[in-house]
Structure formats: C-alpha cells, structure tokens
Amino acid sequence: MRRISIFGATGSVGANGVDLIRRGGGADAYDVVALTGGRNIARLAQMARDLRAEIAVTAHPELLDDLRDALSGSGVRAAAGEAALIEAAAMPADWMLSAIVGSAGLAPGLTALAQGAVLALANKESLVCAGGLLRRTGRDSGATILPVDSEHSALFQALAGEKLDSVRDVTITASGGAFRDWPLERLAAATVAEASTHPNWAMGQRITIDSASMFNKAMEVIEAKEFFGLAPDRINVLVHPESIIHAIVNHIDGGSIAHMGAPDMRHAIGFALHWPERRALPVPPLDLARAASLTFRAPDETRWPALRLAREVMAAGGAAGAVFNAAKEQALDDFIAGRIRFTDMSPRVETTLSALSGEAGFGDDPDTLQAVLEWDALARQKAAA
Ligand code: NDP
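Just so we're aligned, residue 1 is where the sequence shown starts under the working numbering, counting upward by one.
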C-alpha cells in the first residue's frame, strides 16, 4: 500500500485531500502515516481516527493534551510542536501533501523531499521563499515535486510532452478576488470580512484575502518561475472572472493550449495523488453551455500593485522572495488584526523589500533552511505595524 501523509490536513486543501483518500478506500487502500493540523484538534483527531493514521501532530505544544484526549483508545500517536512536525515529515512516506499555510510549511516539506517522497505542493510560500533550496533538495534525493496550485497543475498538464523551447510564454488566470469591480477609492475602507469572501473558490481565509489583494497571484507568478524555470517575462497574468480556464501555454507556432475545469481543488489534488495516471475524481464535469461566456481582461497594476512587486522580486533574486513572502504574511496578520488598512499591505511589503535590499547577502540565494528563516524573521520584524 502507498504510504501517504497530509500536512495541514485540517485546512481547506488538506481536508479536500483527506476527502479524496476517504473516497478512495481510506485506511483499507492507503497506509496513512501522518496527519497534521494547528488549532482544530477535534477535526484532526477525527481524521486521524477515520484514516487510522500512525501519528497526528498539532503545531501547538499547548494543545498536546487535548489531542491526546481526543485520540485516546484509537491507537493513533499524538505529538505537538515544530520539531514533532519535522519528525513526522521524516517518517518514510511515498507521497506527502504539503498544505500548511505560510512559511511554516517550508521545513516539513523540505524534510519530506530530502527523504525522496513525492511532494504534492500546495504550500506556494515554500517555492517563493526557497525555490532554489527546494529544487536542489529534491534533485539530490531523487524526489519529485508536483504542483497542487490549480494554475500550476494546469500548466503542468498543458506542458506535458512539450519542449520549453517551443513555448513562447504562459498565462495564469486570476478571478480578480473580492474587489475586482470595486471603485478604487473604496478599497482603503475594505473590511476583513469583505476581503475574506471569494467569488468562485472556497479556500482558507488567508489565501482568500491574498486573492483580493492579488498577492496570491503575485506569489503564483514567482511559483511558476521557480517551478517551470521560465523567465519572468514569459509569465503573464490574465483576469478571468469565471475561473474556468486556469492556465494557457502559448506556443511559438501561434497555437495555445488551455487547461479548463470547474473551480474545485480536488482536481489538482487528485491529479497529484494519482500522477502519472489519471483516475475518476469527484469533480463536477465542466458545463460550458451553462457557463455561457468566458471573459478576460488585463490586470490593472494600480488596483493590484502586488503584481508589480512580484516582477521586482524576480528581478532582484537572492533573498527577495523570502523577504517578500514574510513581509506579506506580516502585513496580512496586521490587516486581519485591524492594525492596518487593506491598501496599506502592498506599501508595507514594498518598504520592507527596499529597506532590506541594502543588507549584506541580500543578493545571494539563501541556500539553507536556516538562512531562509533568518531573512523571514528579519522581514517580519521590519514589516510589523
Ligand atoms: P487553511 O488556512 O485552510 O489551512 C491551513 C492548514 O495549516 C490548517 O491545517 C492549519 O491548521 C495549518 N496551520 C496553520 N498554521 C500553522 C502553523 N504555524 N504550523 C503548522 N500548521 C499550521 O489554508 P488553505 O488550505 O487555504 O491553504 C493551504 C496552502 O495551500 C497555502 O499555502 C495556500 O496558499 C495553498 N493553496 C490553497 C488553495 C485553496 O484552495 N485553499 C489553492 C491553492 C493553494 P488549523 O486549521 O487546525 O489551525
């Protein structure tokens, strides 16, 4: 049986992964090694019991007793804290879904890669802050990284069998998020509740707000560069409110191959779970007659300055990705806590990038986890409101 682990199992992506495993036969079809979560102990324990996991880990040591209680009599081991997450990631597994939110997902993902597991990567922050390190770790251990972000899964599928030399450029689409059609002057007053509502996708709160600010798409542009080795000027963003086309590969001969599908993460997760095969998935089939029309528009960088910042980060290289991600995470924390306005987030990230760009070593690719975490900590400190 395949040995699998799901990190961030209690979140939106993780729970979709658990759902696919359950529907695919659960503990009778998969050997579930580790399931991890954060504060949602009841959900984590229920999942671990259902799938008869070897170990369940919460990121929070103060919740260990609660987790132990919730698992009592089940035979599932309980553990807590960052070190326990890393130990669980080092347990031999064939496939790991990396679905922790934020740079907290980096260390477990790197650990699983170093063991040679197939890493199904939803945690885009890992590639943004440590793309080079992740690729090198995977190459050295012979591991495979598969994209789980829907746009990157779409690119991966549309690029299958193609040579990168025959690709002129690629386009990833963006729904435009909650404020796509808001007048610019209203944005400064946008509330956390308003920013946490996505028109098409059901996702965790942080990525939903990042969709409204387009930081999510900015991260995805960097993710596409890191994942596919594409030059930044060959990665385009197109606003596509219906979220049916996820990505397009444009060839040098004038032909383009688009990947389409209903906005349901179980397609991308299931594709990564069964790759290199395709299996039936509980995803609604595409009904284009019902969709009636697909519309597109160029992104407006006045509304979404994060897209410009992504290009600056890619041009700067070195530690810029780690600083960008951490400053963005800090600015998002501050927005959610009501310390800054929605429109303060991009300037906060930009100021942090420019303040740290003069630091020694900024231009060097951080080549250890420690180096990435040091830039991460410095950027959070600088960006804090
Ligand atoms: P959620 O917020 O829904 O879930 C995050 C998961 O991480 C939960 O299991 C949470 O635990 C856990 N977690 C939170 N903080 C920590 C921490 N410090 N250490 C360890 N675990 C932690 O996020 P999403 O599922 O929306 O997103 C997960 C990742 O996937 C992100 O990187 C996101 O960008 C990416 N992604 C998400 C998509 C989506 O559709 N949601 C689409 C494509 C990519 P708990 O909830 O128990 O506290």
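For glycine and all other residues, C-beta sits at the position ideal for the given N, C-alpha and C. Computed from a predicted structure; not experimentally measured.
Check: residue i C-beta below 8 Å from any heavy atom of the ligand NDP
i      : result
LEU281 : no
ASN40  : yes
ILE55  : no
LEU44  : yes
SER12  : yes
LEU85  : yes
MET219 : yes
THR191 : no
SER150 : yes
LYS205 : Contrary to the premise, residue 205 reads as Gln rather than Lys in this sequence. Yes; taking the cut-off as 8 Å, the Cβ of GLN205 has a heavy atom of the ligand NDP nearer than that.
ASP210 : yes
ASN250 : no
GLY8   : yes
VAL101 : yes
LYS124 : yes
ALA272 : no
THR197 : no
GLY176 : no
MET91  : no
THR58  : yes
ASN216 : yes
TRP304 : no
THR111 : no
GLY261 : no
ALA104 : yes
ALA70  : no
THR36  : yes
TRP201 : yes
MET265 : yes
Close-in-space but distant-in-sequence residues of the same chain around residue i (CB under 7 Å, 5 per side omitted)
i      : result
ALA190 : PHE179 and PHE342
VAL57  : ALA34, THR36, ALA79, ALA80, ALA84, LEU85 and ALA88
ASP66  : ILE41
ARG2   : TYR30, ASP31, ASP94 and TRP95
ALA291 : GLU242 and ILE244
ARG303 : LEU184
HIS60  : GLY38, ARG39 and ALA80
ASN123 : SER98, ALA99, ILE100, GLY105 and GLY109
Whole-Å CB distance - residue i paired with residue j, under 8 Å assumed
i      : j      : result
ASN250 : ARG168 : 5 Å
ALA383 : THR352 : 4 Å
LEU121 : SER103 : That belief does not hold up - the Cβ atoms of LEU121 and SER103 are roughly 13 Å apart, past 8 Å.
ALA326 : PHE362 : Actually they do not touch by this definition, with Cβ atoms about 13 Å apart.
ALA90  : LEU44  : Wrong, their Cβ atoms sit about 20 Å apart, outside the cutoff.
LEU369 : ALA107 : 6 Å
ARG22  : ILE55  : That belief does not hold up - the Cβ atoms of ARG22 and ILE55 are roughly 18 Å apart, past 8 Å.
ALA355 : PRO232 : With a Cβ gap of about 23 Å, ALA355 and PRO232 do not count as contacting.
ALA331 : VAL313 : Not a contact, Cβ separation roughly 14 Å.
LEU146 : ALA272 : 4 Å
GLY261 : LEU294 : Not really, about 13 Å apart at Cβ, beyond 8 Å.
ALA387 : ALA130 : The requested residue 387 does not occur in the structure, where the chain is confined to residues 1 to 385.
Contacting residues, own chain, Cβ-Cβ under 8 Å from residue i (five flanking each side not counted)
i      : result
THR197 : ALA178 and THR208
LEU307 : MET214, LYS217, ALA218, VAL221, VAL237, PRO299 and GLU301
ALA224 : GLU151, HIS152, LEU155, VAL170, ILE172, LEU230 and ILE235
ASP140 : ALA114
LEU63  : ARG39, ILE41 and ALA80
GLY25  : none
VAL393 : Residue 393 falls outside the range modelled here, since the chain spans only 1 to 385, and no answer is possible.
ASP367 : GLY132, LEU133 and ARG136
ASP264 : VAL283 and PRO284
ARG49  : LEU71, SER74 and VAL76
SER422 : Outside the modelled stretch of the chain, which goes from 1 to 385, sits residue 422, for which no answer is possible.
Contacting residues, own chain, Cβ-Cβ under 6 Å from residue i (five flanking each side not counted)
i      : result
VAL221 : ILE235 and ALA310
ALA150 : First, the residue type needs correcting, since residue 150 is Ser and not Ala in the sequence shown. So the qualifying residues of the chain are HIS246 and ALA268.
ASP210 : ASN216
GLY132 : ASP365
ILE248 : THR171, SER256 and ALA258
VAL239 : ALA174, GLY176, ARG297 and PRO299
GLY270 : LEU20 and LEU281
GLY17  : ILE6, LEU97 and ILE269
In the segment 239–282, which residue ranges form an unbroken alpha helix (DSSP H) of at least 4 residues, counting only runs that do not cross its ends? 265–274
Of all the alpha helix (DSSP H) runs that stay within the bounds of the segment 299–376, which reach a length of 4 or more residues? 305–316, 320–336 and 345–356
Just list the alpha helix (DSSP H) runs in the segment 1–72, keeping only unbroken ones of 4 residues or longer that don't cross its boundaries, in chain order. 12–23, 41–50 and 64–71
Considering only residues of the segment 173–200, which uninterrupted alpha helix (DSSP H) runs meet the minimum length of 4 residues and lie entirely inside it, listed in chain order? 192–195
Alpha helix (DSSP H) segments (min. 4 residues) lying fully within the segment 80–167: 82–90, 106–114, 124–141 and 150–159
Can you check the segment 209–243 for any beta strand (DSSP E) of at least 3 residues that lies completely inside it and give the ranges in chain order? 235–239
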